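Engineer: If you count the sequence shown from 1, position 297 lands on 297 in the working numbering, and the numbers rise without skipping. C-beta: ideal position from N, C-alpha, C; glycine also. If you're wondering where the values come from, they're calculated on a predicted model, not measured in any experiment. Have a look at this one before I ask anything.
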Amino acid sequence: MRLHDGTTLSAQQIEELNAHGPYSMAVWESGDVAVGNEEGLRGRSAYFTKLIRQEILKAFSLQELKSFSILDIGCNDGWVLHELSDLPFAQMVGIEPREKNIAKGRHVRETLKLHNRVDYRVGDIESLGQEVFDIVICAGVLYHVESIPVALRNVRASCKRMVFIESRCVSSKYITQELMDEIEMRDLVYQFRQKQCGITAQKFESGYHDGSAKSATIVNVPSAESLIMNLAILGFENIDVVADLETYRASVWQDKRPLSGVCITATLGQEAQPLANQEVQWIDEYEKGLEREVLPRDYLEPLYRFFCLQEASAVLESIARDTHIYLTSANPKPEPIDVLLPASCRTKYAREIVQNWRHSPSDKIALEYGKLLKSEGRLSEALAVLKSISSKLNADWRSVYRSFHLISQIHHDMDSPKEAARYRNLCLQCNAKYPV
């Protein structure tokens, strides 16, 4: 039981170490003395700390690190930063909500005569204030918090360059197409991004153990997809799963425990903006794309005559017959939208337009017909069609603000500036985010 300086531990010192324990997150070593009772977690901290080191040295030079700061959120007894303290960081800070864990780390380092250059503080991510760090570690924390999005927003506020996330995760096998259909992933963001959803599993957790929630509460165990989505929406880039569920499970627990986990790195560029800040761009691209898309007359007019003018035979021999059948059937089998569209207009926005006709088809088809007439220069006819929507009580909301916008444009083209301004204001009253 000799330490690195040749001295030995007394029975009293061992009792004091045990009293400060458990040392369940990692093994502290000095000479041939090893302090740690990890049980089923043996090797976990060593595994992800090795990954942290690799990712840091892959992204930054030693010269760069000399001016960098690093933060470990929920550092427990401080072992991770201790293991990284040979790297030439200008500042190393660990925060931990339990004062006992900070005291535990201090005691084991003093007892084992280990050098320390880390600033360990009692606190949590919310106690950091305006302090910002180049690199932030958030390991073993997120599945102990009440709100993962809130926690990651706090991480983002404290991070300047890189984040390393380690977390237990639920399996991705629970994210099915059926689930995605149930939650209706129709938001306009998915016009420009790959559809993705994540899940979290909730459980009750007490604050009894030193590695659990700070106090008794409901906590969330995320899926890897949920973590990736949260990082993306906060503006992180180069999001990389450096250890996926299977790799992590096999490497750390050797399938001895029914746990999965991931390690993820992500970076922030100097111009990084949270994805939510890009909403104006999404809306502009989406609405302008829909506005530019004009469906062909031989397809659209029969549908307009049937749904808006109540001409029962209008679609019988037309190319819109399949669309008519689909829209008028009570519970039709879902059809690929391209089956309903003429080959000449199978574009992204045409698909979006027709796909949305399933609900309130008359207002939406009238809107498209008004657009068609406007594109043909038949402005008076277009006005009449569009005003049949805007002056209809309880008309489809999206059709209303889009019709207001088109009516404003037509009045502008007809040199009626007052009416153009009035309908522009009505459009913004209806939808303040519409890109007029």
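Taking the Cβ atom as the reference point for each residue, do Y326 and L340 lie within a distance shorter than 9 Å?
Structural biologist: Yes.
Engineer: So, helix, strand or coil for V136, using DSSP?
Structural biologist: It is a strand residue.
Engineer: Quick test of your reading: E368 and I353, contact by CB under 8 Å. State the CB separation rounded to the nearest angstrom.
Structural biologist: At roughly 6 Å, the Cβ-Cβ gap stays under 8 Å, so E368 and I353 are in contact.
Engineer: What span of residues does the alpha helix (DSSP H) with E279 cover, start to end?
Structural biologist: First-last of the alpha helix (DSSP H) with E279: E279 to R292.
Engineer: Starting from I264 and walking both ways along the beta strand (DSSP E), at which residues does that stretch end?
Structural biologist: It spans G261 to T267 - the beta strand (DSSP E) in which I264 sits, taken as one unbroken run.
Engineer: Taking 9 Å as the cut-off, decide whether the C-beta atoms of I365 and L383 are in contact.
Structural biologist: For I365 and L383, no; Cβs fall outside 9 Å.
Engineer: Is the stretch 101-120 touching the stretch 137-149 in the sense that three or more CB pairs, one from each, lie closer than 8 Å?
Structural biologist: No contact exists between the stretch 137-149 and the stretch 101-120.
Engineer: Are the beta-carbon atoms belonging to F48 and F68 less than 9 Å from one another?
Structural biologist: Not in contact: F48 and F68 (Cβ atoms no closer than 9 Å).
Engineer: Counting along the chain, where does the alpha helix (DSSP H) carrying A11 start and finish?
Structural biologist: From DSSP, the alpha helix (DSSP H) with A11 extends over A11 to H20.
Engineer: Does the beta carbon of C138 come closer than 9 Å to any beta carbon on chain D?
Structural biologist: Reference to chain D is not applicable here, since this structure consists of a single protein chain.
Engineer: How should I70 be labelled, buried or exposed, when 16 other C-beta atoms within 10 angstroms of its C-beta is the threshold for buried?
Structural biologist: It counts as buried.
Engineer: Compute the Euclidean distance between the alpha carbons of C138 and F204, then round it to the nearest angstrom.
Structural biologist: Cα-Cα distance, rounded: 21 Å.
Engineer: Span of the alpha helix (DSSP H) holding D298?
Structural biologist: D298 -> alpha helix (DSSP H) spans R297 to F307.
Engineer: Please go through the stretch 161-211 and give each complete beta strand (DSSP E) segment of 3 or more residues, from N-terminal end onward.
Structural biologist: DSSP runs (the beta strand (DSSP E)) wholly in the stretch 161-211: 200-205.
Engineer: Going by other Cβ atoms of all chains shown within 10 Å of its Cβ, with 16 needed for buried, is A216 buried or exposed?
Structural biologist: Looking at its Cβ environment, which holds fewer than 16 other Cβ atoms inside 10 Å, A216 is exposed.
Engineer: Just curious, the beta strand (DSSP E) that A151 is in, first and last residue?
Structural biologist: First-last for A151: I148 to S158, but that is the alpha helix (DSSP H), not the beta strand (DSSP E).
Engineer: When DSSP labels each residue in this structure, what does V385 get in the three-state scheme?
Structural biologist: Of the three classes helix, strand and coil, the one that applies to V385 here is helix, per DSSP.
Engineer: At 4 residues or longer, and completely inside the stretch 339-413: list those alpha helix (DSSP H) runs for me, N to C.
Structural biologist: Runs of the alpha helix (DSSP H) inside the stretch 339-413: 348-355, 361-375, 379-390 and 397-413.
Engineer: Measure the alpha-carbon distance for P296 versus Y304 and round it to whole angstroms.
Structural biologist: Each residue's alpha carbon lies about 12 Å from the other.
Engineer: Between I264 and L227, how many whole angstroms is the CB-CB distance? I'm expecting something under 8 Å.
Structural biologist: The Cβ separation is near 6 Å, so the contact holds.
Engineer: For the alpha helix (DSSP H) containing W79, list its first residue and its last residue.
Structural biologist: Taken as a continuous stretch (DSSP letters only), the alpha helix (DSSP H) holding W79 covers W79 to L84.
Engineer: Starting from R53, trace the alpha helix (DSSP H) both ways and give me its first and last residue.
Structural biologist: Element bounds for R53: R44 to A59.
Engineer: From R378 to K418, what distance separates their C-alpha atoms?
Structural biologist: Approximately 21 Å, taken between the alpha carbons.
Engineer: So what does DSSP say about P336, is it helix, strand or coil?
Structural biologist: Here P336 sits in coil by DSSP.
Engineer: What did DSSP end up calling P97 once you bin it into helix, strand or coil?
Structural biologist: In the structure shown, P97 sits in coil (DSSP, three-state: anything other than H, G, I, E or B).
Engineer: Give me, in chain order, the residues of the same chain whose beta-carbon lies closer than 6 Å to that of Q409; leave out the 5 immediate sequence neighbours on both sides.
Structural biologist: Here the set comprises nothing.
Engineer: How would you write the range of the beta strand (DSSP E) that T420 sits in, first residue to last?
Structural biologist: For the sequence presented, residue 420 should be read as Ala rather than Thr. Counting along the chain, A420 falls outside any beta strand (DSSP E), though it belongs to the alpha helix (DSSP H) covering P417 to C430.
Engineer: Can you tell me the Cα-Cα spacing of E99 and S24, whole angstroms?
Structural biologist: Each residue's Cα considered, the two are about 16 Å apart.
Engineer: Using a 10 Å radius around the Cβ and a threshold of 16 neighbouring Cβ atoms, would you call S380 buried or exposed?
Structural biologist: Classification for S380: exposed.
Engineer: I'd like the list of long-range same chain contacts for N220, defined as Cβ closer than 6 Å, with 5 residues on each side in sequence excluded.
Structural biologist: If we look at N220 and ignore the five residues flanking it on each side, its Cβ neighbours are I148, T200 and Q202.
Engineer: Just the C-alpha distance for H4 and L112, rounded to the nearest angstrom, thanks.
Structural biologist: Using only the alpha carbons, I get a separation of about 8 Å.
Engineer: When you compare only the Cα positions, how much space is there between C441 and L81?
Structural biologist: What is shown of the chain runs 1 to 436, which leaves residue 441 out entirely.
Engineer: Per DSSP, what kind of secondary structure is D119 in: helix, strand or coil?
Structural biologist: D119 falls in the strand class under three-state DSSP.
Engineer: First and last residue of the alpha helix (DSSP H) that includes T328?
Structural biologist: Its alpha helix (DSSP H) spans residues R321 to T328.
Engineer: Return the CA-CA distance between S391 and V280, expressed in angstroms with no decimal places.
Structural biologist: Rounded to whole angstroms, S391 to V280 spans 28 Å at the Cα level.
Engineer: Assuming S226 is part of the beta strand (DSSP E), what are its boundary residues?
Structural biologist: Element bounds for S226: not the beta strand (DSSP E) but the alpha helix (DSSP H), A224 to I233.
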